[in-house]
Amino acid sequence: MKALIIGAAGFVGGYLIDELKNSGYEVCATCLPNEKITADCEVRTLDILAKDTIAPLFDEVMPDAVFHLAAQSSVAVSWKRPQLTADINVIGTINVLEALKTAKKSGIRAVLIGTGEEYGFIREGACPLSEDEPLNPGNIYAATKVCQGMLGEIYARAYKMDIIMVRAFNHSGPKQAPIFVISDFCKQIADIEKGEHEPVINVGNLNARRDFTDVRDVVRAYRLLAEKGVSGRTYNVGRGKAVEIQEILDTALSMTDAEIEVRQDPDRMRPSDIPLIEPDTSRILADTGWKAEISMRDTIADTLDYWRRAQV
């Protein structure tokens, strides 16, 4: 089996390369000209906005499965650069789907990676969120991902293409940027232990309840969906059990001997935070047998160890 990962230079890409290779796949991964992939696999340069370059790559690589990770995935950037976000996430996806439609190799399975952000402003009592829950995106990034999923469904239905859509909820682990909450807490603790930061950890809303899954479990879900998922379906990928941000902080603090003050930072507070976001993951369990296996504590411990070893 050969897999092509589009947009593999980010946090998830490296883990997906490892997961696929360890499962016996031959892997080709793409990145932009200014990006770098250090994993041991075939690497190609690809910009999904250069539509005429995608089909020739498919015809040369001849993959059995394509994982579409390429995206402008920052909510903040999506507000500042909505046109860029729409170009990459919508037009770029159309370019990929069109190239798949005309590929010389038939029956290529495509896995389009979306986000739990697509549910947006959820109605009271809707959690756990099933894939049939109406989508109500609250930002431009989420809206473009809703559009991506709709395009996948349309192409699958209209052209009988083998496409699976994913709505992935929060995932974390070693190497993740510290703009995300688990990595942020762990980096602050590691910096305090190294004497590089005052013994204060700055936090935002600790009462919100969110679903977190280890990135190593998430990429296993992507592989199993490529192998066993039902074409044309959308799947939530998450632990299926939300936890309070306070619990994450308490767990991280229990792993250090440093005396640390917890201080709320007004700049980190989000007044419009939805109290609870939790997915229903029964569909992916039924179709593939996948469920999260790595505990939250292990994810936090591994992430903290990563930041402890990180060089300044």
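Position 89 (the sequence shown) corresponds to 88 in numbering that gives the first Met the number 0; numbering is contiguous.
Each residue gets a CB set at the ideal place from its N, CA and C atoms; glycine is no exception.
All figures in this text were calculated on a predicted structure; none of them were measured in a lab.
Between residue 212 and the set 252, 93, 294, the nearest pair of CA atoms involves 294.
A residue is called buried when at least 16 other Cβ atoms come within 10 angstroms of its Cβ; residue 18 meets this threshold and is buried. Beta-carbon to beta-carbon, residue 127 and residue 292 are separated by about 19 Å, too far to satisfy the 8 Å threshold.
Here residue 206 is exposed: its Cβ has fewer than 16 other Cβ atoms, across all protein chains shown, within 10 Å. Within the model, the alpha-carbon separation for residue 47 versus residue 263 is close to 41 Å.
Counting C-beta atoms within 10 angstroms of its own C-beta, residue 144 has 16 or more neighbours from the protein chains shown and is therefore classed as buried. Comparing alpha carbon positions, the residue from 44, 243, 158, 107 closest to residue 7 is 44. For the pair residue 160 and residue 99, the CB atoms are nearer than the 9 Å cut-off. In this model, residue 53 and residue 78 are separated by some 28 Å (Cα to Cα).
Between the alpha carbons of residue 65 and residue 162 lies a distance of about 9 Å. Under DSSP, residue 261 takes part in a beta bridge, and its partners are 200. If you draw a straight line from the Cα of residue 280 to the Cα of residue 130, it is about 9 Å long. Per DSSP, the beta bridge partners of residue 113 are 166. Residue 199 counts as exposed, since fewer than 16 other C-beta atoms from the protein chains shown sit within 10 angstroms of its C-beta. Per DSSP, residue 223 is not a residue of any beta strand (DSSP E); the alpha helix (DSSP H) it occupies stretches across 214-227.
Counting the other Cβ atoms within 10 Å of the Cβ of residue 21 gives fewer than 16, which makes it exposed. Between residue 116 and residue 125, the beta carbon gap of about 15 Å keeps them out of contact (Cβ cut-off 8 Å). As the crow flies, the alpha-carbon of residue 169 is around 27 Å from that of residue 42. Looking only at 149, 257, 240, the smallest Cα-Cα distance to residue 196 is reached by 257. When the Cα atoms are used, residue 111 and residue 51 turn out to be separated by approximately 20 Å.
Bounds of the alpha helix (DSSP H) holding residue 21 are 10-21.
In the DSSP annotation of this structure, the continuous segment of the alpha helix (DSSP H) that includes residue 303 starts and ends at 295-308. In the same chain as residue 188, and ignoring 5 residues on each side of it, the C-beta atoms closer than 8 Å to its own belong to 200, 251, 252, 254, 255, 257, 259, 303, 306, in chain order. For the 9 Å CB-CB criterion, residue 172 and residue 39 do not form a contact. When DSSP states are grouped into helix, strand and coil, residue 135 belongs to the strand group. Residue 44 is bridged by DSSP to 30. Taking each of 228, 227, 209, 58 in turn and checking the Cα distance to residue 247, the smallest one comes out for 209. A Cβ-Cβ separation of about 6 Å places residue 234 in contact with residue 282 under the 8 Å criterion. Assigned with DSSP and collapsed to three states, residue 281 falls in helix. Secondary structure of residue 129 (DSSP, three-state): coil.
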